[in-house]
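In the working numbering, the protein residues as written are 2 to 654. Note that beta-carbon positions come from the ideal geometry of N, C-alpha and C, so glycine has one too. Treat the numbers as computed from the prediction; the structure is a model and nothing was measured. What follows is a short report on a single structure.
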């Protein structure tokens, strides 16, 4: 009886989401119903209803169902509750391929689906080639997917920035716009999604057998490799088709399967049925809410999906199973000695050399590569030195913050960007910009620190009951960060000049850094690095678990509180300089660990140096690769650091 009651929750919740979306859509349709019958002559309301409102509703239902079905398949076949088209980089690969090809062939037309499929397939091949060495562990899959997604997103953003005169419409489309001007997209998308959904249901039995593990499924006669490839191809195709039609719509593929599973759907067939219904209702509900609250086509639906999906996922988090260490495999070992302490010395030399090169080597006004002549030092150094110093300080802070959060939460994917801490700092900066006419650096730092600390406290409260289980921490961070990002996106798209300034700042450019900002960044970096070293023993003990650390004399709650506060301050300081998009906080600890450095104090210094190196290189490349135009360092750091992290991840046993 308990199973039946639990199983009834998924149909009820999925149906509730669908009917909520339809009810809100009906409210939108009521004023237009008198125009449903074609009137004599020109009737603008009739045309708007027939060729815009109704096709948009149909597109939302089809796209939401397809993304939810794709997420369900990925989570089932990979046995990974965090798998989705977004977290595995499938949507980002399709988006980059479409942006690149549309730049070369503006009239792409009917070939969009093939391009999107090729981009998604390429991303998946890279991800699987990396994670195959780790037995397709949940951690390696998600980390590789996030890296690929980060790299593809940064590359697409750079292409758009450098070719905005050709790709201006990509800004809204890439964020997931459901606006329609005809029935072409829903009519084209429906039969493709229906065909793939039919294939998914035919593969329900192999999908269920795959839950038994490779050995168990093979013993029952399932050709696991062929079946897994076929089922994954269905999921990839569903995501790529939606991306080709309406752009990147995140979160639906992650949250809809989680909703129906936590509501009681345990069998594969039940999840295949109710997850698409929940996804369709969730996306329609979001889109209709956007049309009611923000009339017009200026707010892309994909950017706001998390405003409804995020709170639902957060509300259901207490029912998520407390995974032990599902995301293991790269946890910092607690060795007493370091096998490669000499690597630290080489890293110090490399950082110094790169900093000097970033200051004195570059392009002259005529575009020729040259070392900076001594005769123009007085003119050029005041322009370059502050930017290099600010990038160095921000990178140092982000590297240390990422390592602290990873050790504090026991989650190797934790970073200010992934856990939404950077988004909280950004929201604080946005609040300061709208609350004060001209907020100074101190005011911005205070507001940013408050926003970052608020996010950390919220994640702490949501994850405390699971003893900071890695899955719970990560899902809480993704949900909170997505909600904040959506709010920031709506604020930036409001048309207010301060919103436009916020968009430029979020790209992570050091273009407007002056001597005071650079000096502040270096001082904060030094102070935070000293504080982190003083807390090195706490980090080492917390890594052993709460009970062991407490037995060794550590007061858990005060230690965590201090470390959370320190992380918030450091995230706020770095976000003020390079924006929230760098992902240095995720990359630097892993790259430092790849150097063979193990002890907390040594690894803290290594993470700081690696983070500084990444941002110094990113700032220099942003100034030089498109000279005389400038590319934001926050985007460049993703392009520079992601391949490094992929190389380290692939080499690990």
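{"query": "Identity of the residue in 233, 409, 638 and 503 nearest residue 565 by Cα", "result": "409"}
{"query": "Proximity to residue 90 [Cα-Cα], best of 252, 632, 206 and 53", "result": "252"}
{"query": "Cβ-Cβ distance between residue 605 and residue 401 below 8 Å", "result": "yes"}
{"query": "Rounded straight-line distance, which links the Cα of residue 133 to that of residue 623", "result": "34 Å"}
{"query": "For residue 443, three-class secondary structure by DSSP", "result": "helix"}
{"query": "Range of the contiguous beta strand (DSSP E) that encloses residue 690", "result": "With the chain covering 2 to 654 only, the question about residue 690 has no answer from this structure."}
{"query": "Enclosing alpha helix (DSSP H) for residue 562 [first to last residue]", "result": "557 to 579"}
{"query": "Residue range of the unbroken beta strand (DSSP E) whose run includes residue 371", "result": "370 to 372"}
{"query": "Of the residues 198, 640 and 375, the one placed nearest residue 234, counting alpha carbons only", "result": "198"}
{"query": "Identified DSSP bridge partners for residue 363", "result": "371"}
{"query": "Beta-carbon proximity check, residue 244 vs residue 95, cutoff 8 Å", "result": "yes"}
{"query": "Proximity of residue 619 and residue 638 at Cβ, strictly below 8 Å", "result": "yes"}
{"query": "Three-state secondary structure assigned by DSSP to residue 630", "result": "coil"}
{"query": "CB of residue 54 within 8 Å of CB of residue 186, strictly", "result": "no"}
{"query": "Residue 124 versus residue 589 - alpha carbon distance", "result": "23 Å"}
{"query": "At least three beta-carbon pairs within less than 8 Å, the region 61 to 69 to the region 273 to 293", "result": "yes"}
{"query": "Residues near residue 285 in its chain [Cβ-Cβ closer than 6 Å; skip 5 each side]", "result": "22, 61 and 62"}
{"query": "The region 410 to 429 / the region 571 to 586 touching (three or more Cβ pairs under 8 Å)", "result": "yes"}
{"query": "Residue 694 (DSSP reduced to helix, strand or coil)", "result": "The structure shown has nothing for residue 694, since the chain only spans 2 to 654."}
{"query": "Helix, strand or coil at residue 114 according to DSSP, with G and I counted as helix", "result": "helix"}
{"query": "Segment limits, alpha helix (DSSP H) that includes residue 98", "result": "91 to 105"}
{"query": "Reduced DSSP category for residue 410 - H, G, I as helix; E, B as strand; rest coil", "result": "helix"}
{"query": "Segment contact, 8 Å Cβ cut-off, at least three pairs: the region 535 to 544 with the region 552 to 570", "result": "yes"}
{"query": "N- and C-terminal bounds of the alpha helix (DSSP H) containing residue 254", "result": "253 to 263"}
{"query": "Residue 352, DSSP secondary structure in three states", "result": "helix"}
{"query": "Chain-order list of residues whose beta-carbon lies under 8 Å from that of residue 292 (same chain, five-residue window excluded)", "result": "29"}
{"query": "Coarse secondary structure for residue 184, derived from DSSP in three states", "result": "coil"}
{"query": "Cα-Cα separation, residue 334 to residue 597", "result": "Legend: pLDDT at residue 334 = 42, less than 50; position of this residue unreliable, value from coordinates given subsequently. Their Cα atoms are separated by approximately 10 Å."}
{"query": "N- and C-terminal bounds of the alpha helix (DSSP H) containing residue 435", "result": "422 to 436"}
{"query": "Start-to-end residues for the alpha helix (DSSP H) that takes in residue 549", "result": "547 to 552"}
{"query": "Exposure label - residue 183; buried when at least 16 CB within 10 Å", "result": "exposed"}
{"query": "Reference residue 283; option with closest CA among 266, 267 and 250", "result": "250"}
{"query": "Integer Cβ distance of residue 449 from residue 577, believed to fall under 8 Å", "result": "6 Å"}
{"query": "Contacting residues, own chain, Cβ-Cβ under 7 Å from residue 237 (five flanking each side not counted)", "result": "91, 121, 122 and 125"}
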